[in-house]
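**Q** Quick one: the structure is below, and I'll ask about it shortly.
Protein chains: 2
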Amino acid sequence: MKRNLSETCYDFFSTLANPTRLAVLELLRDGPKNVTDIANTLNQEQSMISHNLKPLERCRFIFSERRKKEHLYSLNKETMEPIFKTFVYHSKKYCPTRGKCLTADQLREQKRKDASGTIFVTH
Amino acid sequence: MKRNLSETCYDFFSTLANPTRLAVLELLRDGPKNVTDIANTLNQEQSMISHNLKPLERCRFIFSERRKKEHLYSLNKETMEPIFKTFVYHSKKYCPTRGKCLTADQLREQKRKDASGTIFVTH
DNA sequence: ACGATATATGAAGATTTTTTCATATAAGAG
DNA sequence: CTCTTATATGAAAAAATCTTCATATATCGT
Chain A
1 MKRNLSETCY DFFSTLANPT RLAVLELLRD GPKNVTDIAN TLNQEQSMIS
51 HNLKPLERCR FIFSERRKKE HLYSLNKETM EPIFKTFVYH SKKYCPTRGK
101 CLTADQLREQ KRKDASGTIF VTH
Chain B
124 MKRNLSETCY DFFSTLANPT RLAVLELLRD GPKNVTDIAN TLNQEQSMIS
174 HNLKPLERCR FIFSERRKKE HLYSLNKETM EPIFKTFVYH SKKYCPTRGK
224 CLTADQLREQ KRKDASGTIF VTH
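From first to last, the protein sequence lines stand for chains A and B. Residue numbering for the first sequence follows the numbering used here, beginning at 1 and increasing consecutively. Residue numbering for the second sequence follows the numbering used here, beginning at 124 and increasing consecutively.
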């Protein structure tokens, strides 16, 4: 199986592919937070947040810094903002129905429109 | 649990979080291919490729077009190239050891360097 | 209509990932 | 040193996802 990018990408994307971790990333856009704050804000157990912070930090999507007893986690905006931006652009264009991607039927309909040359430029 | 972006992002990233699907996306960077070609090139069963093409198309990471009996799948470069670009940038900067993100030890060492102000700009 | 080719689908078993709970570690306050 | 607070860790159960195999569908050429 041919794998160059794909092999190295897997860890990157699988770390992002989790609702809790995405919620953490989103929360950290507002600024650094400690574990307890994150857990409280997201209404999740502290251990669950810790478990999920680990892969995020390992992938360097977040950074951590000790502040007395607590650990402050902050977003790697350099990486995450472009990622979110691409996602938002994509979902506005291709998944207009509230983030959920198109259903098979909608996709077919869209394809029909595409074929009539009105909406998309083909690649 | 606070969820805005996070909720809608999950489908996007979980679709990318699979080695077979990533290999398909990478392969399609070279140009459109049909299912059998993809399966042969990646040395995977045809049914496996079909199963994996479905979520990729649903998310609009790929497009499909009928060409006689075969289905030609092509990459949504508009979305995928920026995503790959961000990934490559990120992994070069933060995961220098061939795509694998840093280990805990390496991370600690890097953090030490960070603290001494030589490598990263903090966010 | 028939056979061959191309692709899709369903469902089960296998595998991976997540969640939870109990507990460990670590550091500051007194 | 002990108590408290903050965070991390391990392991088992639960849940989600993948893989595989058998089979269905669809189209083309004859």
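Note that beta-carbon positions come from the ideal geometry of N, C-alpha and C, so glycine has one too.
Look at the alpha carbon of B:A146 and the alpha carbon of B:L176, and state the distance between them as a whole number of angstroms.
**A** Position 23 of the second sequence holds residue 146 of chain B. Position 53 of the second sequence holds residue 176 of chain B. Roughly 11 Å between the two C-alpha positions.
**Q** For A:K33, name the three-state secondary structure that DSSP assigns.
**A** As a working mapping, residue 33 of chain A is identified with position 33 in the first sequence. In this structure, A:K33 counts as strand in the three-state DSSP scheme.
**Q** How big is the Cα-Cα spacing for A:E26 and A:L42?
**A** Here residue 26 of chain A is taken as the residue at index 26 of the first sequence, counted from 1. Here residue 42 of chain A is taken as the residue at index 42 of the first sequence, counted from 1. Using only the alpha carbons, I get a separation of about 11 Å.
**Q** Since A:Y73 meets chain B, which of its residues come closer than 9 Å, beta carbon to beta carbon?
**A** Indexing the first sequence from 1 puts residue 73 of chain A at position 73. Near A:Y73 there are no residues of chain B at all, since even the closest Cβ is about 12 Å away, more than 9 Å.
**Q** Please name the residue in A:E78, A:R21, A:R67 whose C-alpha comes closest to that of A:H51.
**A** Position 51 of the first sequence, counted from the start, is the residue given in the question as residue 51 of chain A. Checking every option, the nearest Cα to that of A:H51 belongs to A:R21.
**Q** With distances taken from CA atoms, which of B:I206, B:T202, B:H213, B:C218 is nearest A:Y94?
**A** For this step, residue 94 of chain A is matched to residue 94 along the first sequence. Taking only the C-alpha atoms, the option nearest A:Y94 is B:T202.
**Q** Leaving out the 5 sequence neighbours to the left and right, which residues in its chain are closer than 7 Å to B:R152 when beta-carbon positions are compared?
**A** Along the second sequence, read from residue 1 onward, the residue named residue 152 of chain B stands at position 29. For B:R152, where only same-chain residues beyond five positions count, the Cβ hits under 7 Å are L198.
**Q** The stretch 204–221 of chain B: which residues have C-beta closer than 9 Å to a C-beta of chain A, in chain order?
**A** Listed by position, the residues of the stretch 204–221 of chain B near chain A (Cβ gap below 9 Å) are P205, I206, F207, K208, T209, F210, V211, Y212, H213, S214, K216, Y217, C218, R221.
**Q** Using DSSP with H/G/I as helix, E/B as strand and the rest coil, what is A:R21?
**A** As a working mapping, residue 21 of chain A is identified with position 21 in the first sequence. Of the three classes helix, strand and coil, the one that applies to A:R21 here is helix, per DSSP.
**Q** Per DSSP, which one or two residues make a beta bridge with B:I206?
**A** To locate residue 206 of chain B, count along the second sequence from 1; it is residue 83. Looking at the DSSP assignment, B:I206 forms no beta bridge with any residue, so it has no partner.
**Q** Would you mind telling me which residues of chain B sit closer than 7 Å to A:L56, beta carbon to beta carbon, in chain order?
**A** The residue given as residue 56 of chain A occupies position 56 in the first sequence. Within chain B, no residue comes near A:L56; the closest Cβ sits about 10 Å away, beyond 7 Å.
**Q** List the residues of chain A whose Cβ lies closer than 9 Å to the Cβ of B:L128, in chain order.
**A** Taking the second sequence and counting its residues from 1, the one referred to as residue 128 of chain B is at position 5. Ordered by position in chain A, the residues that pass the 9 Å Cβ test against B:L128 are L22, A23, L25, E26, R29, F84, F87, V88, G99.
**Q** From A:D11 to B:T138, what distance separates their C-alpha atoms?
**A** For the purposes of this step, residue 11 of chain A is taken as the residue at position 11 of the first sequence. For the purposes of this step, residue 138 of chain B is taken as the residue at position 15 of the second sequence. The alpha-carbon atoms of A:D11 and B:T138 are separated by roughly 13 Å.
**Q** With respect to 8 Å, is the separation between the Cβ of B:V147 and the closest non-hydrogen atom of the ligand PLP below this value?
**A** By its list of ligands, the structure shown contains no ligand whatsoever, and the ligand PLP lies outside what it can speak to.
**Q** Mind checking who A:A64 pairs with in its DSSP beta bridge?
**A** Taking the first sequence and counting its residues from 1, one reaches residue 64 of chain A at position 64. Per the sequence shown, the amino acid found at residue 64 of chain A is Ser instead of Ala. Looking at the DSSP assignment, A:S64 forms a beta bridge with A:Y73.
**Q** Take B:K156 as the anchor and find which of B:T209, B:E204, B:I172 has the nearest alpha-carbon.
**A** Mapped onto the second sequence, residue 156 of chain B falls at position 33. Out of B:T209, B:E204, B:I172, B:I172 has the C-alpha closest to the C-alpha of B:K156.
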